[in-house]
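Trainee:
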Amino acid sequence: MSQATARAALAYSCVGHVYSHLFEPIFFVVALALPKAMGIPYEDALMLIIAGKLLYGVLAPVAGLLGDRWSAVGMMVVYFFGLGLAAVATGFATTPFQLALGLAGLGFFGSIYHPVGTAWLVRNAHNRGKVLGINGIFGGLGSALGGIVAGALADAFGWQAAFLVPGLLVLATGLVFCVSLARRQVVEIKEDLKPTPPPSRGETWRAGIILTLTMLCTGMVYQVTMPALPKLFEARLGNYLGEGLLGVGLMVTVIYASAGLFQVVAGHWADRYPLRNVYGLVYLAQVPLLAMAAILGGPPLFAVALAMVAFNHAGIPTENSLLARYTPARWRGTAFGLKFILSFGVSGLGVPLMAIILKATGDFLWVFVMLAVMAGFVAAMSLLLPQDKPGGAVAAEAAA
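If you read the sequence shown in our numbering, its first letter stands for residue 111, the second for the next number, and so on.
What follows is the structure in structure tokens.
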């Protein structure tokens, strides 16, 4: 396999990662307009995404298995065209039920990217942590762009445009990807380009059990933070943001774009230092930040939210590196699929849980206290992971 095809795999995987995280923040900003547009309370509007979020996680192992056993690049074709068509259909929704159906379609096809695209990327990688960090930036970019895209398009053309315009862009990307496949600029790869020494069976089981518990919590922190921030900023920073949704969307964009860059640093740490140490420290750092977000308002809230999301993003390449380290290459897509059942499926139940807490208390205090406890649990459990070697030492051992 040439360097050109490896770079093409990285490029398409990064673009796909943008799209996989683009539509959720679009919906959470659009949800602020739905009480007026569809006559439903904000808390009820949040519930419309539940089926989509569950499908996004629950179907991931199936997508990963198909990527492992059939074709990763073939699944990426299905991903681009399916996601684009679902986004366009969502933009044409006129009732809450139709909107929920469109969001379910986005979850259905969106479930393909993480197990397939991430496993495909890892197989093509020379330095896993670095490549996963770069790829993670683009996932953060999708989250960042979603806020400002939704705010700008909704204010200018109505909330439907926030789904229609990106949907057409995803379809265009699918066409370009097919051309690259036909020209052999993108190829299938089934084995790691740079293999590492296999873990023992005991290490695999031990890491698998611990990561199952921690990924449920890390997914909950990520899933709840994203929908919470737009409403939190509207409630506690409203005087600074002006009228409409653009100010809220811009604030979310700045945070996720800036925080996403931190993943390159974290990816470097994952290659240089023991993975379990990096994993534990980035979640330990989130405990005081989440606790402060529970009570702060005004400009200090923005600074805390930026640091909080940065460390949350820093955990992603490290967690993915851990999963790749303790999973055989032939089962990696399936393993990533199982991860996203937890971190994007089951953890998606954090959104209705947040809505219930908000309805009961009228404030975000206990939402962020709950997330701080979960981050602390992850930091503690990381101490039980196998004591792995730094990435450089693993690579040297593989070469020997």
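All residues carry an ideal CB built from backbone N, CA and C; glycine is no exception.
Everything numeric in this text was worked out from a predicted model, so none of it was measured.
When every heavy atom of the ligand FMN is checked, does at least one fall within less than 7 Å of the C-beta of F273?
Mentor: No copy of the ligand FMN appears in this structure; indeed no ligand is present at all.
Trainee: Is the beta carbon of G220 sitting closer than 8 Å to the one on S290?
Mentor: Position 110 of the sequence shown holds residue 220. Position 180 of the sequence shown holds residue 290. No. Outside cutoff.
Trainee: Rounded to the nearest angstrom, what separates F248 and R179 at their Cα positions?
Mentor: Against the sequence shown, residue 248 aligns to sequence position 138. Against the sequence shown, residue 179 aligns to sequence position 69. The straight-line gap from Cα to Cα measures roughly 27 Å.
Trainee: Here's a check: name, in chain order, each residue in its chain whose Cβ is nearer than 6 Å to the Cβ of S453, leaving out the five neighbours to either side.
Mentor: Position 343 of the sequence shown, counted from the first residue, corresponds to residue 453. The residues are M325 and G329.
Trainee: Measuring straight from C-alpha to C-alpha, what distance separates P410 and D154?
Mentor: If you number the sequence shown from 1, residue 410 lands on position 300. If you number the sequence shown from 1, residue 154 lands on position 44. Rounded to whole angstroms, P410 to D154 spans 30 Å at the Cα level.
Trainee: Apply the 10 Å Cβ neighbour rule to G472 and answer buried if 16 or more other Cβ atoms are within range, or exposed otherwise.
Mentor: In the sequence shown, residue 472 corresponds to position 362, counting from 1. Classification for G472: exposed.
Trainee: Is it true that the stretch 375-394 meets the stretch 277-291, where meeting means three or more beta-carbon pairs spaced less than 8 Å apart?
Mentor: No, because fewer than three Cβ pairs between the stretch 375-394 and the stretch 277-291 fall closer than 8 Å, the two stretches do not touch.
Trainee: If you measure between the beta carbons of V461 and I159, is that distance less than 8 Å?
Mentor: Residue 461 sits at position 351 when you count from the first residue of the sequence shown. Residue 159 sits at position 49 when you count from the first residue of the sequence shown. Yes, the pair counts as a contact, with Cβ atoms nearer than the cut-off.
Trainee: Considering Cα atoms alone, identify which of Q113, R117, P496 and A119 is closest to S310.
Mentor: Here residue 310 corresponds to residue number 200 of the sequence shown, with the count starting at 1. When only C-alpha atoms are compared, the closest one is P496.
Trainee: Say whether the stretch 477-496 touches the stretch 397-414, bearing in mind that this needs 3 or more beta-carbon pairs closer than 8 Å, one atom from each stretch.
Mentor: The stretch 477-496 is in contact with the stretch 397-414.
Trainee: Could you tell me which uninterrupted alpha helix (DSSP H) segments, each at least 4 residues in length, are contained entirely in the stretch 458-505, listed from first to last along the chain?
Mentor: The stretch 458-505 contains these whole alpha helix (DSSP H) runs: 460-471 and 475-491.
Trainee: So, with DSSP's three-state summary, where would you put P206?
Mentor: Stepping through the sequence shown from its first residue, residue 206 is reached at position 96. Looking at P206 - three-state DSSP - the assignment turns out to be helix.
Trainee: Please list, in chain order, all residues of the same chain as Q295 whose beta carbon is under 6 Å from its beta carbon, the five residues on each side excluded.
Mentor: On the sequence shown, residue 295 is found 185 positions in, with the first residue counted as 1. Hits under 6 Å: A118.
Trainee: Going by the CB atoms, is the gap between L494 and I320 shorter than 8 Å?
Mentor: Taking the first residue of the sequence shown as position 1, residue 320 is located at position 210. Taking the first residue of the sequence shown as position 1, residue 494 is located at position 384. For I320 and L494, yes; Cβs fall inside 8 Å.
Trainee: Just the Cα atoms here: how many angstroms apart are P171 and A260?
Mentor: Taking the first residue of the sequence shown as position 1, residue 171 is located at position 61. Taking the first residue of the sequence shown as position 1, residue 260 is located at position 150. In a straight line, the C-alpha of P171 is about 30 Å away from that of A260.
Trainee: In the DSSP assignment, find the alpha helix (DSSP H) that holds E298 and state where it starts and stops.
Mentor: Mapped onto the sequence shown, residue 298 falls at position 188. It is not in any alpha helix (DSSP H) - E298 carries neither H nor E in the DSSP assignment.
Trainee: By Cβ distance below 6 Å, which residues in the same chain neighbour A116 in space, the five residues on each side in sequence not counted?
Mentor: The residue given as residue 116 occupies position 6 in the sequence shown. The answer, listed in chain order, is N234.
Trainee: Quick check: the Cα distance between A439 and W230, rounded to an integer number of angstroms?
Mentor: Counting from one through the sequence shown, the residue named residue 439 turns up at place 329. Counting from one through the sequence shown, the residue named residue 230 turns up at place 120. Approximately 10 Å, taken between the alpha carbons.
Trainee: How is L347 classed by DSSP in three states: helix, strand or coil?
Mentor: Numbered from 1 along the sequence shown, position 237 holds the residue referred to as residue 347. L347 falls in the coil class under three-state DSSP.
Trainee: Restricting to Cα atoms, I'd like to know which of G201, Y122, V168 and M148 is closest to A182.
Mentor: Here residue 182 refers to the residue found at position 72 when the sequence shown is read from its first residue. Checked all of G201, Y122, V168 and M148; the closest Cα to A182 is Y122.
Trainee: Nearest to F218 by alpha carbon, out of F474, A403 and Y166?
Mentor: Mapped onto the sequence shown, residue 218 falls at position 108. Residue Y166 is the option with its Cα nearest to F218.
Trainee: Would you mind giving the Cβ-Cβ distance between N430 and L176, rounded to the nearest angstrom? I have them listed as a contact below 8 Å.
Mentor: Translated into the one-based positions of the sequence shown, residue 430 becomes position 320. Translated into the one-based positions of the sequence shown, residue 176 becomes position 66. Not confirmed; about 20 Å, so no contact.
Trainee: In or out: C124 buried (at least 16 other Cβ within 10 Å) or exposed?
Mentor: Within the sequence shown, residue 124 is the residue found at index 14, counting from 1. Per the 10 Å Cβ criterion, buried.
Trainee: Alpha carbon to alpha carbon, how far is G256 from T314? Give it in angstroms, no decimals.
Mentor: Residue 314 sits at position 204 when you count from the first residue of the sequence shown. Residue 256 sits at position 146 when you count from the first residue of the sequence shown. Each residue's Cα considered, the two are about 37 Å apart.
Trainee: Classify I136: buried if its beta carbon has 16 or more other beta carbons within 10 angstroms, exposed otherwise.
Mentor: Position 26 of the sequence shown, counting from 1, holds the residue named residue 136. I136 should be labelled buried.
Trainee: Nearest CA to the CA of H127: which residue from A143, M186, L211 and A424?
Mentor: Walking along the sequence shown from the start, residue 127 turns up at place 17. The candidate whose alpha carbon is nearest that of H127 is M186.
Trainee: Could you tell me the boundaries of the alpha helix (DSSP H) in which I159 lies?
Mentor: Position 49 of the sequence shown holds residue 159. Run containing I159: none; DSSP gives neither H nor E here.
Trainee: What does a CB cutoff of less than 7 Å around M491 pick up in its chain, not counting 5 residues either side in sequence?
Mentor: By 1-based counting over the sequence shown, the position of residue 491 is 381. Within the same chain, M491 has close Cβ partners I320, L323 and T324.
Trainee: According to DSSP, simplified to helix, strand and coil, what is G192?
Mentor: As a working note, residue 192 is residue 82 in the sequence shown. Note: G192 maps to helix in three-state DSSP.
Trainee: Span of the alpha helix (DSSP H) holding V358?
Mentor: One-based indexing of the sequence shown puts residue 358 at position 248. Here the alpha helix (DSSP H) through V358 covers L356 to R382.
Trainee: Where does V140 land, buried or exposed, given buried means 16+ other C-beta within 10 angstroms?
Mentor: Translated into positions along the sequence shown, residue 140 becomes position 30. By the neighbour-count rule (16 or more Cβ atoms within 10 Å), V140 is buried.
Trainee: How far does the alpha helix (DSSP H) with W230 in it extend, from its first residue to its last?
Mentor: Numbered from its first residue, the sequence shown carries residue 230 at position 120. T228 to R233 is the span of the alpha helix (DSSP H), which, as asked, contains W230.
Trainee: Which class does Q270 belong to by DSSP, given the choice of helix, strand or coil?
Mentor: Here residue 270 refers to the residue found at position 160 when the sequence shown is read from its first residue. Correct three-state label for Q270: coil.
Trainee: Report, in whole angstroms, the separation of the C-beta atoms of V414 and L406, which I expect to be a contact under 8 Å.
Mentor: As a first step, residue 414 must be located in the sequence shown, where it is residue number 304. As a first step, residue 406 must be located in the sequence shown, where it is residue number 296. Yes, V414 and L406 are in contact; Cβ-Cβ is about 6 Å, under 8 Å.
Trainee: Note down, in chain order, each residue of its chain lying with its Cβ closer than 8 Å to the Cβ of H224, except the 5 sequence neighbours on either side.
Mentor: Position 114 of the sequence shown, counted from the start, is the residue given in the question as residue 224. S130, A170, F446, G447, K449, F450 and F454, listed in sequence order.
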